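Structure first, then comments.
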Amino acid sequence: MRVAVLLEDRCAPNMPAFAYLKKYAGMCGSECIQVVDNKCKILETACPVCLNRAKHCPGDAVILINLPEELDSDMTHCFGENGFRVFRLPTPREEAVIGILGQNGMGKSTAVQILSGALKPNLGDWGGEKDWDEIIESYPKGELRDYLEQVAVSGVKVAVKPQYVDKLPKIFDGVVSELLNRVDERNEVEKWATEMGIVHLMDRKLGALSGGELQRVAICATLLKEADVYFFDEATSYLDIHERMRVTKIIQELAKMGRRVLVVEHDLAILDVLCDQVHIVYGERAGYGIFTPSRATRVAINAYLDGHLVEQNMRIRDKPIKFHTGRIRSDEIGDPILQWGDLEKTLGEFTLKTEQGTVHSAEVVGVVGPNATGKTTMVKMLAGQIEADGGWTTMDAKVSYKPQHVKANFDGTVRDWLDTELGKAWHSGEFQSKVVRPLNVHQLLELQARKLSGGELQAVWIVLCLGKDADIYLLDEPSAHLDANARMEAAKAIRRTMVTKEKAAMVIDHDIYFIDIVSDSLLVFEGEGGVEGNAVGPMQLRNGMNRFLKNVGITFRRDQDSQRPRINKEDSRKDREQKSSGEYFYSS
Numbered sequence: 001m002r003v004a005v006l007l008e009d010r011c012a013p014n015m016p017a018f019a020y021l022k023k024y025a026g027m028c029g030s031e032c033i034q035v036v037d038n039k040c041k042i043l044e045t046a047c048p049v050c051l052n053r054a055k056h057c058p059g060d061a062v063i064l065i066n067l068p069e070e071l072d073s074d075m076t077h078c079f080g081e082n083g084f085r086v087f088r089l090p091t092p093r094e095e096a097v098i099g100i101l102g103q104n105g106m107g108k109s110t111a112v113q114i115l116s117g118a119l120k121p122n123l124g125d126w127g128g129e130k131d132w133d134e135i136i137e138s139y140p141k142g143e144l145r146d147y148l149e150q151v152a153v154s155g156v157k158v159a160v161k162p163q164y165v166d167k168l169p170k171i172f173d174g175v176v177s178e179l180l181n182r183v184d185e186r187n188e189v190e191k192w193a194t195e196m197g198i199v200h201l202m203d204r205k206l207g208a209l210s211g212g213e214l215q216r217v218a219i220c221a222t223l224l225k226e227a228d229v230y231f232f233d234e235a236t237s238y239l240d241i242h243e244r245m246r247v248t249k250i251i252q253e254l255a256k257m258g259r260r261v262l263v264v265e266h267d268l269a270i271l272d273v274l275c276d277q278v279h280i281v282y283g284e285r286a287g288y289g290i291f292t293p294s295r296a297t298r299v300a301i302n303a304y305l306d307g308h309l310v311e312q313n314m315r316i317r318d319k320p321i322k323f324h325t326g327r328i329r330s331d332e333i334g335d336p337i338l339q340w341g342d343l344e345k346t347l348g349e350f351t352l353k354t355e356q357g358t359v360h361s362a363e364v365v366g367v368v369g370p371n372a373t374g375k376t377t378m379v380k381m382l383a384g385q386i387e388a389d390g391g392w393t394t395m396d397a398k399v400s401y402k403p404q405h406v407k408a409n410f411d412g413t414v415r416d417w418l419d420t421e422l423g424k425a426w427h428s429g430e431f432q433s434k435v436v437r438p439l440n441v442h443q444l445l446e447l448q449a450r451k452l453s454g455g456e457l458q459a460v461w462i463v464l465c466l467g468k469d470a471d472i473y474l475l476d477e478p479s480a481h482l483d484a485n486a487r488m489e490a491a492k493a494i495r496r497t498m499v500t501k502e503k504a505a506m507v508i509d510h511d512i513y514f515i516d517i518v519s520d521s522l523l524v525f526e527g528e529g530g531v532e533g534n535a536v537g538p539m540q541l542r543n544g545m546n547r548f549l550k551n552v553g554i555t556f557r558r559d560q561d562s563q564r565p566r567i568n569k570e571d572s573r574k575d576r577e578q579k580s581s582g583e584y585f586y587s588s
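Under our numbering, the first residue of the sequence shown is numbered 1, with each subsequent residue one higher.
This is the structure in structure tokens:
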């Protein structure tokens, strides 16, 4: 089955793709390519010559897809002749947490709309509406069919924790307590506010909250709704590891209460410990998405990292994502680029202190620790954005800084934005192959910067940061809103850039997989959030992780097959053994 998908946001009348398709419209005499009322269309019955022309449409505006014939009867929904297609669906299960793992733009939101009854699937026939009897008959007997029967007969209520919590203040401009009381359907505001650790935020306005605080408020608001299915979309963005583990336990308790729970989570360590089973979704971003049958969480994550889905005989990645054991790269690290000692900074009631530290050329320093212990404050001091109250730094180094909360502060296309900020430097073949293309920013060039999604915007900012001429690159939470695959590519892009340029980077992040791949050494923050912070290091990766995880109280082991880090069950034999030996990270 061959289908053509036309991305309308890349084919507006003022874009090169529109002019290209208009040029070839009707050229073959069969009107395979059409332009009507400033809209382009490509017939799926188009001749090979026209399909080949469409394939070369600029701006990646046309996606030609060859799908296995067995999917012909598995199409769940299609948004028009050249629209996005979804194949199969994830299955919500009673008293279970079901994960969805895959790239963004693969149909997760569409699946949730269908599972909630907000969107009736058309089974690929976009010309008319299907009735529920026909829809249900198209699915084999089993849990998903039973669930859809419930949707058709009595309906289901779905509570959704939105993906982009930083947009909440634009939707609601009041205080936290007002929001929670407005959505409370279970009369449990006090209970869940306490569970989520946000009691002290109740009288604050949403616009004054940090990203992590907004995330916890959004999760609390979702828990207060009375629903049959709870959908948590990226519930751990901006949260530190303490908070991620707390949210994991709360979501699992929700499932034990008899609820169906679906989660999209790109932190694979958390996904591993959170879910009972996982659906992988693969396909072509903005083109089509295929949900695999669910499988055991460990098996699903390992298959995703390997990039080969055995049951589907499908390769979803050119190369597997690999984790390295016992990496010590001190021999490859060069001369000092930046040094500091005994820095101090007081902000209101918060005080930050550091020891002495050094960052070398070709070194990536991971920065870890609880929220509100001064990580961003220190990075801003090193970047020259704020002055230290005491201590010293060697600030001869030129700095490129990516902030925690990224914004599209540019009117125009992504291409124009990159040209304005980076000149022609980003056009080099090396930078394109090592940074721009792995982050898929080459597919965003004709889009308006202010219309990018959170993940797309994050990728562009990473390119902007790495593309500048600097001695040290400071990146604050670069994994936020990136899907699991994009996180791994971003980590490798940062590493490649530092090694190639013989420069240095400091990377703040809470994703253990991301930190494990990107870092040579760790700067560990300790203390009490909002009160005091102390920066220790940089130190070797293993030593830093052991110190950091000891403070958190969790241990990691390596998966026997993929060598990826896996969180040990609390108080398990493995957990107790590693804690007693002081090896919190990657005991074999």
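Beta carbons: idealized from backbone N, C-alpha and C, even for Gly.
Here the structure is a predicted model, which means the values were calculated and not measured.
If distances are taken between C-alpha atoms only, which option among A221, L239 and E195 comes closest to G211? L239
Between E421 and the rest of its own chain, which residues show a CB-CB distance below 6 angstroms, the 5 nearest in sequence each way excluded? L464
Cβ-based neighbour list, Y20, same chain, cut-off 6 angstroms, excluding 5 preceding and 5 following: When the five nearest sequence neighbours on each side are left out, the beta carbons in the same chain lying within less than 6 angstroms of the beta carbon of Y20 are those of C57 and P58, in order along the chain.
Just the Cα atoms here: how many angstroms apart are E31 and I65? Between the alpha carbons of E31 and I65 lies a distance of about 20 angstroms.
My understanding is that G369 touches F525, with C-beta atoms under 8 angstroms, so please give their C-beta distance in whole angstroms. 3 angstroms
Bridge partners for V552 per DSSP, in chain order? V552 is not bridged to any residue.
Under 8 angstroms by Cβ, that's how I've got G455 and V278 pegged, so tell me the actual separation to the nearest angstrom. Contact doesn't hold; Cβ gap of about 20 angstroms is too wide.
DSSP-derived helix/strand/coil call for K319: coil
G102 to A484 span [Cα, whole Å]: 7 angstroms
Under 8 angstroms between the Cβ atoms of V399 and G423? no
Spatial neighbours of E229 in its chain, beta-carbon cut-off 8 angstroms, leaving aside the 5 residues before and after: The amino acid occupying residue 229 in the given sequence is Val; Glu does not appear at that position. P92, L115, S116, V156, K157, V158, A159, R259, R260, V261 and L262.
With 16 other CB atoms within 10 Å as the buried threshold, where does T45 fall? exposed
Pick from L418, P16, E137 and A54: whose alpha carbon is nearest that of A25? A54
Three or more C-beta pairs closer than 8 angstroms, one from the segment 426-442 and one from the segment 292-305: is that the case here? no
Buried or exposed for V531, please, with buried defined as at least 16 other CB atoms from any protein chain shown within 10 angstroms of its CB. exposed
Which word fits S237, buried or exposed, when buried means at least 16 other C-beta atoms lie within 10 angstroms of its C-beta? buried
Note the first and the last residue of the continuous alpha helix (DSSP H) segment covering G283. It is not in any alpha helix (DSSP H) - G283 instead sits in the beta strand (DSSP E) that spans Q277 to E284.
Could you name the residues of the same chain whose beta carbon sits closer than 7 angstroms to that of H405, not counting the 5 residues immediately before and after it, in chain order? D166 and G211
Give me the Cβ distance between V281 and I494, rounded to the nearest whole Å; I'm assuming they're in contact under 8 angstroms. So it is not a contact: roughly 26 angstroms between Cβ atoms.
DSSP three-state assignment for Y164, whether helix, strand or coil: coil
From S479 to F514, what does the alpha carbon distance come to, in whole angstroms? 8 angstroms
Can you tell which of D133, N371, L43 and E185 has the C-alpha that lies nearest to the C-alpha of R242? The amino acid occupying residue 242 in the given sequence is His; Arg does not appear at that position. Checked all of D133, N371, L43 and E185; the closest Cα to H242 is N371.
Taking just the CA atoms, how far does T222 sit from R246? The alpha-carbon atoms of R246 and T222 are separated by roughly 16 angstroms.
Sequence-distant residues of its chain with Cβ nearer than 6 angstroms to D306 (five each side left out): P320
In chain order, what residues of the same chain lie with their CB nearer than 8 angstroms to the CB of P16, ignoring the 5 residues before and after it? Within the same chain, P16 has close Cβ partners P58, G59 and E446.
Sequence ranges, alpha helix (DSSP H) only - wholly within the segment 48-100, length at least 4: 48-55
Where do the ends of the alpha helix (DSSP H) carrying V460 lie? In the DSSP assignment, V460 falls within the alpha helix (DSSP H) that extends over G454 to G467.
Per-residue DSSP class, three states only, for I508: strand
Taking only three categories from DSSP, how would you classify N543? helix
With the cut-off set at 8 angstroms, would you say M506 and I472 are in Cβ contact? yes
Where does P16 fall in DSSP's three states? helix
Nearest-angstrom Cα distance between I250 and G341? 41 angstroms
Since F172 and L206 are thought to touch, with beta carbons under 8 angstroms apart, how far apart are those beta carbons, to the nearest angstrom? Right, their Cβ atoms sit about 6 angstroms apart.
Quick one: what does DSSP say S581 is sitting in, helix, strand or coil? helix
Does DSSP put Q385 in a helix, a strand or coil? coil
Kindly indicate which three-state DSSP category V441 falls into: helix, strand or coil? helix
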